[in-house]
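Residue 262 in full-length UniProt numbering sits at position 262 of the sequence shown, with consecutive numbering throughout.
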Amino acid sequence: MSSPKESSPAPADWVRGPVADLFSSYVATAALSTAHQLGILDQLAEHGQAPFGNGGDDRLSDTVVRSVHRTLHWARVVEIKDDEAVIPGPLFAEAYAARGYFYWLVKGCGELFSIAPDVALTERRTGDFYHRDMRAVAVGSRLIGDEEVEPLFDRILADPPVEKVADLGCGSGQRLIRILGNHPGARGVGVDISTAAVRLATESVESAGLTDRITLLQGDVLALEPHPEFADVDTVTCVFMGHDFWPYDSCVQTLRRLRTAFPAARRLFICDVVRTSDLPGPDTTVFTLGFEAVHALMGDYLPTLDQWHEAFGEAGWECRTVQPTTTPPNGYLFELIPRAD
Ligand SMILES: C[S@@+](CC[C@H](N)C(=O)[O-])C[C@H]1O[C@@H](n2cnc3c(N)ncnc32)[C@H](O)[C@@H]1O
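Structure (structure tokens):
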């Protein structure tokens, strides 16, 4: 039998086709993320067309915007018409709905992929061995949650109504703003470890005119102590950061600590994506490979669904309901109440 090296295919077999498409897909993924941040996707969603290139806006490089447009044309997300205008392409609606995943991956976590071969070396995996753009992670996460998770929260938090909510790993702060919009007398407190996320949340809370009702604290959720702001919190939410509680012993300890830090909490909601066990294949969902690869690169443990249930039980939380989500794929919203003992 000949080795792949001896029987290497003719260049004509791979300069076009699946392998060439893999290469171009990487560029298109980056272009989608860029188009989101530059407002190109929103403009197309709202107005149904945009000029090809920067449209005379000299703050943007015409060459770069044209390159983004051309790449998205390749991806069938847009169509370039007569070298003048850009309109939504056959895949625009789906790509627009999924834009948060692309922004999270490329702008939020992209650097991890370029340094992957370096940080694969165990000796390189100490200290601050990687960097992520936490503002982009927070913005991407907000977009990911908007589709299904936030409406789920609207329904589940309606009764009993919230009086004071704490959002752990609050990111952009949008969840607190939304909950307070639904519960006009309520107050909120957000905690996040990242300076960039707290800054973004502060801007969002200010522009929503809610500074008198929402307090933002920079802190580590894994080391929370009782705090005057926490004393009367009845509802605790934690979305897309629960995996940071892990590995197992640390998770149990953090879940127990939350009972002490929030002595009046009636309900704790944890919503997160769990690790899959099957080999990836044609049915692999958007996000899954990226989410698992990024956390492998960072050295973060991702729990399975069964492991979450084991940790809840050991930490003194009773899981009342579990709601699976389609977006994000492999996501679950756990509703927990403190066990009487
Ligand atoms: C994926 S983002 C999710 C943001 C937000 N919860 C949402 O649903 O859009 C995770 C957030 O958790 C924060 N985070 C991670 N580990 C944390 C920790 N130990 N303590 C506090 N915040 C943490 C990150 O800074 C980031 O803003």
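Glycine included, each C-beta is placed from N, C-alpha and C at the ideal position.
Note that the coordinates shown come from a computational prediction; the quantities given were computed from them, not determined experimentally.
Nearest-angstrom beta carbon gap, residue j and residue i [assumed within contact, 8 Å]
i: LEU216; j: ALA201; result: 5 Å
i: ALA85; j: GLN49; result: 5 Å
i: ALA166; j: PHE230; result: 6 Å
i: LEU38; j: LEU60; result: 7 Å
i: VAL106; j: SER33; result: 4 Å
i: GLN174; j: SER204; result: 6 Å
i: ASP234; j: ARG266; result: 5 Å
i: GLY53; j: ARG70; result: GLY53 to ARG70, Cβ: 10 Å. No contact.
i: ARG259; j: PRO338; result: 6 Å
i: LEU180; j: LEU157; result: So it is not a contact: roughly 11 Å between Cβ atoms.
i: LEU222; j: LEU268; result: With a Cβ gap of about 15 Å, LEU222 and LEU268 do not count as contacting.
i: LEU91; j: ALA75; result: 7 Å
i: PRO160; j: HIS183; result: The Cβ separation is near 10 Å, so there is no contact.
i: GLN307; j: TYR248; result: 7 Å
i: VAL68; j: ALA31; result: 5 Å
Closest by C-alpha distance to residue i, when choosing among the options
i: ARG155; options: GLY316, ARG178, HIS69, THR326; result: ARG178
i: HIS131; options: GLY110, THR122, GLU123; result: GLY110
i: LEU176; options: ILE193, VAL68, ARG142; result: ARG142
i: CYS170; options: PRO161, GLY181, PHE153, GLN218; result: GLN218
i: ALA93; options: GLU46, GLY108, ARG339, PRO247; result: GLU46
i: LEU333; options: GLU150, HIS73, VAL137; result: GLU150
i: LEU72; options: ARG16, GLY89, THR211; result: GLY89
i: MET298; options: VAL119, ILE80, ASP62, GLY190; result: VAL119
i: SER207; options: SER172, VAL236, ALA116; result: SER172
i: residue 354; options: HIS183, LEU168, ARG76, HIS36; result: A query on residue 354 cannot be resolved here, the shown segment of the chain reaching from 1 to 341 and no further.
i: ARG199; options: MET134, ASP220, PRO184, ALA116; result: MET134
i: ALA261; options: SER250, TYR248, CYS251, ASP232; result: ASP232
i: GLY185; options: VAL191, LYS164, VAL137; result: LYS164
i: ALA136; options: PRO280, PHE129, ALA28, TRP104; result: TRP104
i: VAL294; options: LEU152, ASP58, GLY108; result: GLY108
i: GLY313; options: CYS251, GLU292, ALA264; result: CYS251
i: ALA296; options: GLU310, ARG125, VAL236; result: ARG125
Going along the chain, which unbroken runs of the alpha helix (DSSP H) with 4 or more residues stay wholly within the region 47–129? 62–74, 92–97, 99–103, 110–114, 116–119
Quick check: the region 85–100 against the region 136–156, are at least 3 beta-carbon pairs closer than 8 Å? The region 136–156 makes contact with the region 85–100, as at least three CB pairs between them are under 8 Å.
Tell me, please, whether the region 269–282 touches the region 240–257 by the rule of three or more beta-carbon pairs shorter than 8 Å. yes
Quick check: the region 274–283 against the region 301–319, are at least 3 beta-carbon pairs closer than 8 Å? yes
Is it the case that the region 313–328 contacts the region 251–259, given that we only count it when at least three CB pairs across the two stretches are under 8 Å? With three or more CB-CB distances shorter than 8 Å, the region 251–259 counts as touching the region 313–328.
Evaluate the contact criterion for the region 279–293 versus the region 320–339: three or more CB pairs, one atom per stretch, below 8 Å. yes
Uninterrupted beta strand (DSSP E) stretches inside the UniProt domain "Methyltransferase" (165–258) (no shorter than 3 residues): 187–192, 214–218, 235–239
Just list the alpha helix (DSSP H) runs in the region 268–331, keeping only unbroken ones of 4 residues or longer that don't cross its boundaries, in chain order. With a minimum length of 4 residues, the continuous alpha helix (DSSP H) runs that stay inside the region 268–331 are 288–298, 305–315.
Taking only runs that begin and end inside the region 9–53, name each unbroken alpha helix (DSSP H) of 4 or more residues, in chain order. Whole alpha helix (DSSP H) segments, 4+ residues: 18–37, 40–47.
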